[in-house]
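Written below as structure tokens is the structure these notes are about.
Residue numbers (my numbering), protein chains in the order written: chain S, 25 to 136; chain X, 283 to 397.
Here it is in structure tokens:
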């Protein structure tokens, strides 16, 4: 059974304090791994797609990396506006067509 | 601007009542999805549709129904058979799944509360 586990559940950082969020996954065949940002009461906003181990993508203060078992979302020198819940999801070749399996998310709070 | 529009943003349902959530997209995407989000849980798939006039059940389809008469529209009906409908509902769309993963884009969501 496909599984996605995100850790930690919540993370509190001071502005400028870099850290990483973890997404561990179990799938029979990875079609893609996705990172989303979700603000309270809003729909998830797409950040990155990673397809194969060793792949990295960057956007402003965020950098996503992928291994065969997990993905990391690195946040460098975060600002208060980076506060949100970050969702990780995987797409399995063997799963329902197009279906994403989501983790429960990591709630990030960045204090000034 | 291209995007996914969900309406209404807030909806209240009385016991025994059916309600319909609207989802419209102008991204020219073939595939559309409905997810449900509950506090402390990951998003769960209710229904999805890869092409017009065809749709498939997801992991938690019981108590829900959908239609896909137009490429742009994928309404979700929450029926009285759904015993715990209070949740945040998210509509999404994507291009058809190819050999690589296809990115799924989400609307802004609809809150449904039972009163």
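Every residue gets a Cβ at the ideal spot worked out from N, C-alpha and C, and that includes glycine.
Check: Kindly indicate if chain X contains any beta-carbon less than 8 Å away from that of residue 124 of chain S.; Outcome: yes
Check: Throw me the rounded Cβ distance for the residue 77 of chain S and residue 87 of chain S pair, which I believe falls under 8 Å.; Outcome: In fact, because the Cβ distance is near 16 Å, the residues do not count as touching under 8 Å.
Check: Go ahead and label residue 116 of chain S buried or exposed: buried means 16 or more other beta carbons lie within 10 angstroms of its beta carbon, across all protein chains shown.; Outcome: buried
Check: To the nearest angstrom, report how far apart residue 381 of chain X and residue 54 of chain S are at their CA atoms.; Outcome: The pLDDT assigned to residue 381 of chain X is 49, lower than 50, so where the model puts this residue is not dependable, and the model offers no usable value.
Check: Using a C-beta to C-beta distance shorter than 7 Å, which residues of chain S count as neighbours of residue 389 of chain X?; Outcome: 67
Check: Is residue 351 of chain X helix, strand or coil when you go by DSSP?; Outcome: coil
Check: Please list the residues of the segment 67–93 of chain S that have a C-beta atom closer than 8 Å to any C-beta atom in chain X, keeping them in chain order.; Outcome: 67, 68, 69, 70, 73, 75
Check: Using three-state DSSP, classify residue 116 of chain S as helix, strand or coil.; Outcome: strand
Check: Flag residue 58 of chain S as yes if its beta-carbon sits less than 8 Å from any beta-carbon of chain X, otherwise no.; Outcome: yes
Check: Give me the Cα-Cα distance between residue 394 of chain X and residue 293 of chain X, rounded to the nearest whole angstrom.; Outcome: 5 Å
Check: Quick one, which of X:347, X:300, X:348, X:309 has its alpha-carbon nearest residue 385 of chain X's?; Outcome: X:309
Check: Taking DSSP as the reference, what is the three-state secondary structure of residue 106 of chain S?; Outcome: helix
Check: Which chain X residues are close to residue 131 of chain S, counting only those with a beta carbon under 8 Å from its beta carbon?; Outcome: Neighbours of residue 131 of chain S on chain X: none; closest Cβ ~11 Å, over 8 Å.
Check: Using the Cα positions of residue 70 of chain S and residue 26 of chain S, report the straight-line distance between them to the nearest angstrom.; Outcome: 21 Å
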